[in-house]
Amino acid sequence: MINLVKKRLRRTMMFLNAQKPGLIKDPYIYRPDSIILDLEDAVAENQKDAARFSLYHALKEIDYRGCERVVRINGLDTPYWQEDIRCAVAGGCDAIRIPKVECPKDVHRVEEEILKAEKDFGMPEGMILIMAAIESARGVMKALDICEASDRLFGIALSGGDYTKDLQTRITGTGIELMGARQNLIIAARAAKVQCFDTVYTNLDDMEGFQRDVETIHLMGFDGKSIVNPRQIPIVHDIFTPSGKDIIFAEKVVREIEEKKEMGIGVFTVDGKMIDIAFYDGARRTIELAKASGVYKGDL
Amino acid sequence: MINAVGREIPEEILKITGKEPFKGNHYFDGYEYKKDGPSTRCVINSEGSKLVENIHEVLVKCGIQDGMTLGFHHHFRDGDYVVNMVMEEIHNMGIKDITICASSLGKAHDKLVEFIEDGTITNIQSSGVRGKIGRAISEGKLKGLAVMRSHGGRVRAIETGEVRIDIAFIGSPTCDDYGNCRGIGGKSDCGVLSYSMVDADYADKVVAITDCLVPFPNFPAHISMTKVDYVVVVDEIGNPDKIATGAAKPTTDMRKLMMADYCTQFVVNTPYFKDGFSYQTGVGGASIASTISLSKIMKERNIRMKFGVGGLTKPMCDLLENNQVDALLDTQDFDLNAVESVINPRHFRISAGEYADPFNKGAVVNKLDFVILAALEVDVNFNCNVVVGSDGIITGAQGGHPDTAAGAKCTIVIAPLLQGRIPAICTDVTTVTTPGESIDVVITDYGIAVNPRRQDLIDAMKNVDLPFKTIEELRDIAYSIVGEPERVQFDDKVVGIIEGRDGTVMDVVRKIKKFEFSGE
């Protein structure tokens, strides 16, 4: 089955502690594309059951108004993850984020558990998606296999904290330590035609550094970024949303290519730039992104 | 009788107070009256001194007796020592049945509850009360009626003679031995003495209390010696740490920043946002953030503010510092930056009367383009409540809310849709303090509602990309999230009135009743 929401807009995926009512009651007002209700690192070891309780009722009761609800389960090396999945599926989440994925088998185990839960709770099968977080050197090296491990998988995400530990370095704020992983993941994701998301930026006092970081990953081709505070949302959306100028240019390119094609012309100029058929997909993507971001007012 | 904001005002209350029910903002426009005047004891003998040994002596000299009305100001905010100091002595002297007529009372005055309980204080008139006094009044412990009146309304009540202050106590950061008072220069600086100016003008006896006696002449005086009968020097008139704190760090709370951004976007898209506009804002995180973002747009568009009014904080004083505003008109200083800014020649002190009195020949609020306010509750008729909590307990103060809201061309209220589990936008506010006819726009984290009375503003926003909703929609969202709360249960006994700025009755506050479940 083709799940159409696999390709939805995910510029921002905001982490929220599933145990905190004040955080999870209305994060949609900040308009993130997705929220990640966290049962893993944000929740203390002796609070896992309480967090699941809160998560289940939030998923059941709160209208998140179109905001995608992803649940980050605990690692597959813990005794919690199966129950996390059951709870998330029973609550009706949209997707499961698997931490510390290192091989396709990790994805398969989760996939099986989701299917079991879907059956147990009488949910339609195959609707709940998966995203895999890559947090180790091994995971980075296996990225393409992970991307292709399941039909449910819509994307992979770099998790920089654990990854840099594994690399025996640290987060510097420059991005140097993440360069290889970022490049590898985006190439793997594009090869498998799934989405790719960058790691969090945790220094909330350095919004300029955050902006530079987002600009970098945008240019690298990422689809979006994991975020930890709603203040980061407008910056990411601003960078990831096509500007009015970009949209007008993309419209001209699409129209001109379609027109010129009928006239048998392959190469021509738009606003002084040389354009040929190779520009068509990119221009279309800009328009689609503008539409998904709610800023497109044209008729293409 | 039902008043103009749909509130039932018991006939008995109208009879006791001699007041009319609220009949609309402009009901008294053009009304003529003769102002009241104080009795004055002339000082001709140049040998005389105004210094008095202590509070006890000055009370004796002023002829303190049962049933008197005493005036106080609240420039020292939560750091005030003056009210308690005076009332303690009055209590020790066995005086009873005192009416306190203060510009406001807060947590610093929790001690007064003892004096309410033993009958030393039987009436309170104030902009509002916070802390334990509010609870005591709501529990019916005050013998008389509490009267909550706005800053402008207090001046009106005194000037018309509705209230006669027998003795006014003016805490003064510096004072000379002849009674020249200034709001700066001592250890308890509060910047201005605006609220006490009417006390100095109209009280029969005026006592300056200071902890910093300076040589004569303490000029330029904010309150002149010509109005002061006695001067008392005490160790401390307040706690400087609580009078004016360091400027609040700009908020990083995205919810407040978002509302601030909505507010700024709304302001700049109104026809009033043009060179020479005027503006007042409060001390809340969203209001402060909005002032900061507004200043950026002013710079970008090369727009200057003609004057800013307040209740001032650092961001407003920064506008003066950065030459983005011609003048600041100051009634109160909320942080040290505002206190320090007072020395700027374009930072002008104004009296509470100049600021907001509806019964003079025109107050500053009438010249305001924008005012940005907060509220505990707003209802679907845009009526605001800033005094009584959703639990029925008196917990806030009107301040200049009803005055500025009535005066400004564009009155904006910022309130998060939910205050914890309580919807701030509701069908009926617990108590009306500011009538809906004064409120033009309500900004919440879930959307913005423009009062349908303001079709001009609705038209101005036609192509503006902001999340506009009706006020009913906002209420419905709030109720869909937290449910519609059961109404607070009150006793029949009226414990206080909310006075309209013109002296009419806006609403009554009833004694709180212990909550009982509806038992179905």
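Those protein sequences? They're chains Y and W, same order as listed. Letter 73 of the first sequence, counting from 1, is numbered 73 in my numbering, and no numbers are missing. Letter 413 of the second sequence, counting from 1, is numbered 1413 in my numbering, and no numbers are missing. We put the CB at the ideal spot given by N, CA and C, even for glycine. No experiment lies behind these values; they were computed from the predicted model shown.
So with Cβ pairs under 7 Å, would you call I2(Y) a contact of chain W? Within the first sequence, residue 2(Y) is the residue found at index 2, counting from 1. Here I2(Y) scores only 48 on pLDDT, less than 50, and its place in the model is too uncertain to base an answer on.
Looking at S1104(W) and A1374(W), is the spacing between their C-beta atoms short of 7 Å? Reading the second sequence from its first residue, position 374 is the one you call residue 1374(W). Reading the second sequence from its first residue, position 104 is the one you call residue 1104(W). Contact check for A1374(W) against S1104(W) fails: the beta carbons are separated by 7 Å or more.
State the beta-bridge partners of T1434(W) as determined by DSSP. Position 434 of the second sequence, counting from 1, holds the residue named residue 1434(W). Paired residues: C1384(W).
Name the DSSP beta bridge partners of A1004(W), please? Locating residue 1004(W) in the second sequence gives position 4, where the first residue counts as 1. When DSSP reads this structure, A1004(W) sits in no beta bridge, so it has no partner.
Give a yes or no on whether the C-beta atoms belonging to I1512(W) and S1039(W) are separated by under 7 Å. Locating residue 1512(W) in the second sequence gives position 512, where the first residue counts as 1. Locating residue 1039(W) in the second sequence gives position 39, where the first residue counts as 1. Cβ atoms of I1512(W) and S1039(W): not closer than 7 Å.
Is DSSP giving M1(Y) helix, strand or coil here? To locate residue 1(Y), count along the first sequence from 1; it is residue 1. With a pLDDT of 46 at M1(Y), under the threshold of 50, the predicted position of this residue should be treated as unreliable, though the coordinate-derived value follows. Collapsing the DSSP output to three states places M1(Y) in coil.
Decide if S243(Y) is buried, meaning its Cβ has at least 16 other Cβ atoms within 10 Å, or exposed. Locating residue 243(Y) in the first sequence gives position 243, where the first residue counts as 1. Classification for S243(Y): exposed.
Answer with yes or no whether the minimum CB distance from D1465(W) to chain Y is below 7 Å. Translated into the one-based positions of the second sequence, residue 1465(W) becomes position 465. Answer no: the Cβ-Cβ gap between D1465(W) and chain Y never drops below 7 Å.
Indicate the three-state DSSP secondary structure (helix, strand or coil) for P21(Y) in the structure shown. One-based indexing of the first sequence puts residue 21(Y) at position 21. In the structure shown, the three-state DSSP call for P21(Y) is helix.
Can you tell me whether D94(Y) is buried or exposed? The criterion is at least 16 other CB atoms within 10 Å of its CB, across all chains shown. Position 94 of the first sequence, counting from 1, holds the residue named residue 94(Y). The residue is buried, with at least 16 neighbouring Cβ atoms inside 10 Å.
Which whole-angstrom value is the C-beta distance of C67(Y) and I35(Y), which I expect to be below 8 Å? By one-based count along the first sequence, residue 67(Y) stands at place 67. By one-based count along the first sequence, residue 35(Y) stands at place 35. Confirmed, Cβ separation roughly 6 Å.
Tell me which residues share the same chain as L1368(W) and place their Cβ nearer than 8 Å to its Cβ, disregarding the 5 neighbours each side in the sequence. As a working mapping, residue 1368(W) is identified with position 368 in the second sequence. For L1368(W), same chain residues with a beta-carbon under 8 Å away, outside a window of 5 residues either side, are S1278, Y1279, Q1280, V1309, T1404, G1407, A1408, K1409 in chain order.
Cα-Cα separation, A1352(W) to G1152(W): Taking the second sequence and counting its residues from 1, the one referred to as residue 1352(W) is at position 352. Taking the second sequence and counting its residues from 1, the one referred to as residue 1152(W) is at position 152. Computed Cα separation, rounded: 6 Å.
Looking only at C-alpha atoms, which of V1432(W), V1234(W), F1266(W) sits nearest to Y1081(W)? For the purposes of this step, residue 1081(W) is taken as residue 81 along the second sequence, with counting starting at 1. It is V1234(W) whose Cα lies nearest to the Cα of Y1081(W).
Quick check: what's the CA-CA separation for I1393(W) versus V140(Y)? Along the second sequence, read from residue 1 onward, the residue named residue 1393(W) stands at position 393. Along the first sequence, read from residue 1 onward, the residue named residue 140(Y) stands at position 140. Cα-Cα distance, rounded: 60 Å.
Near G1532(W), which residues of its chain fall below 8 Å by C-beta distance, leaving aside the five closest residues on each side in sequence? The displayed coordinates of chain W run from 1001 to 1520. Any statement about residue 1532(W) would go beyond what the structure contains.
Beta carbon of V194(Y), beta carbon of C147(Y): below 7 Å? Counting from one through the first sequence, the residue named residue 194(Y) turns up at place 194. Counting from one through the first sequence, the residue named residue 147(Y) turns up at place 147. For V194(Y) and C147(Y), yes; Cβs fall inside 7 Å.
DSSP three-state call for G1134(W): helix, strand or coil? Translated into positions along the second sequence, residue 1134(W) becomes position 134. Three-state DSSP puts G1134(W) in a helix.
Span of the alpha helix (DSSP H) holding Q1280(W)? Along the second sequence, one-based indexing puts residue 1280(W) at 280. Unbroken run through Q1280(W) is the beta strand (DSSP E), 1277-1281; no alpha helix (DSSP H).
Measuring CB to CB, does G1131(W) end up less than 7 Å from K1111(W)? For the purposes of this step, residue 1131(W) is taken as the residue at position 131 of the second sequence. For the purposes of this step, residue 1111(W) is taken as the residue at position 111 of the second sequence. No, Cβ-Cβ distance for G1131(W) and K1111(W) is not below 7 Å.
Rounded to whole angstroms, what is the Cα-Cα separation between G175(Y) and V200(Y)? What you label residue 175(Y) is simply residue 175 of the first sequence in a count that begins at 1. What you label residue 200(Y) is simply residue 200 of the first sequence in a count that begins at 1. Using only the alpha carbons, I get a separation of about 12 Å.
Just to confirm the assignment, what range does the alpha helix (DSSP H) spanning K297(Y) have? Along the first sequence, read from residue 1 onward, the residue named residue 297(Y) stands at position 297. Neither: K297(Y) is in no alpha helix (DSSP H) and is coded neither H nor E.
Using only the alpha-carbon positions, how far apart do K20(Y) and P27(Y) sit? If you number the first sequence from 1, residue 20(Y) lands on position 20. If you number the first sequence from 1, residue 27(Y) lands on position 27. Using only the alpha carbons, I get a separation of about 12 Å.
Say whether chain Y places a C-beta atom closer than 7 Å to the C-beta of D1445(W). Here the question's residue 1445(W) lines up with position 445 in the second sequence. So, interface residue.
Per the DSSP calculation, H237(Y) is bridged to which residue(s)? Mapped onto the first sequence, residue 237(Y) falls at position 237. Answer is none; H237(Y) lacks a bridge partner.
I'd like the span of the beta strand (DSSP E) that includes Q183(Y), first residue to last. Locating residue 183(Y) in the first sequence gives position 183, counting from the first residue. First-last for Q183(Y): 179-192, but that is the alpha helix (DSSP H), not the beta strand (DSSP E).
In chain order, what residues of the same chain have a beta carbon less than 8 Å from the beta carbon of T169(Y), not counting five sequence neighbours either side? Taking the first sequence and counting its residues from 1, one reaches residue 169(Y) at position 169. E177, listed in sequence order.
Distance, Cα to Cα, M1(Y) vs F1468(W)? To locate residue 1(Y), count along the first sequence from 1; it is residue 1. To locate residue 1468(W), count along the second sequence from 1; it is residue 468. Here M1(Y) scores only 46 on pLDDT, less than 50, and its place in the model should not be relied on; the value that follows carries that caveat. When the Cα atoms are used, M1(Y) and F1468(W) turn out to be separated by approximately 39 Å.
Using a Cβ-Cβ cut-off of 8 Å (strictly less than) and excluding sequence neighbours within five positions of G1161(W), which residues of its own chain qualify? Mapped onto the second sequence, residue 1161(W) falls at position 161. So the qualifying residues of the chain are K1035, D1036.
Can you tell me whether D1118(W) is buried or exposed? The criterion is at least 16 other CB atoms within 10 Å of its CB, across all chains shown. For the purposes of this step, residue 1118(W) is taken as the residue at position 118 of the second sequence. If you draw a 10 Å sphere on the C-beta of D1118(W), you find fewer than 16 other C-beta atoms in it, and that means exposed.
Decide yes or no for the touch test of the segment 1427-1435 of chain W against the segment 1243-1263 of chain W: beta carbon pairs closer than 8 Å, at least 3 of them. Flag = no, the segment 1427-1435 of chain W and the segment 1243-1263 of chain W do not touch.
Below 8 Å between beta carbons is the criterion; list the residues of the segment 7-28 of chain Y that meet it against any residue of chain W, in chain order. Considering only beta carbons, the part of the segment 7-28 of chain Y lying closer than 8 Å to chain W consists of K25, D26, in chain order.
Strictly under 7 Å for the Cβ-Cβ distance: is M1259(W) near chain Y by that measure? Position 259 of the second sequence, counted from the first residue, corresponds to residue 1259(W). For M1259(W), the answer is no, since every Cβ of chain Y falls outside 7 Å of its Cβ.
For V1267(W), name the three-state secondary structure that DSSP assigns. Residue 1267(W) sits at position 267 when you count from the first residue of the second sequence. Three-state DSSP puts V1267(W) in a helix.
Cutoff 8 Å; reference D271(Y); Cβ partners in own chain excluding five residues on either side: As a position in the first sequence, residue 271(Y) is number 271, starting the count at 1. These residues qualify, in order along the chain: F249, K252.
Taking 7 Å as the threshold (C-beta atoms), are G1436(W) and N1381(W) in contact? In the second sequence, residue 1381(W) corresponds to position 381, counting from 1. In the second sequence, residue 1436(W) corresponds to position 436, counting from 1. Yes; because the gap between Cβ atoms is below 7 Å, this pair is in contact.
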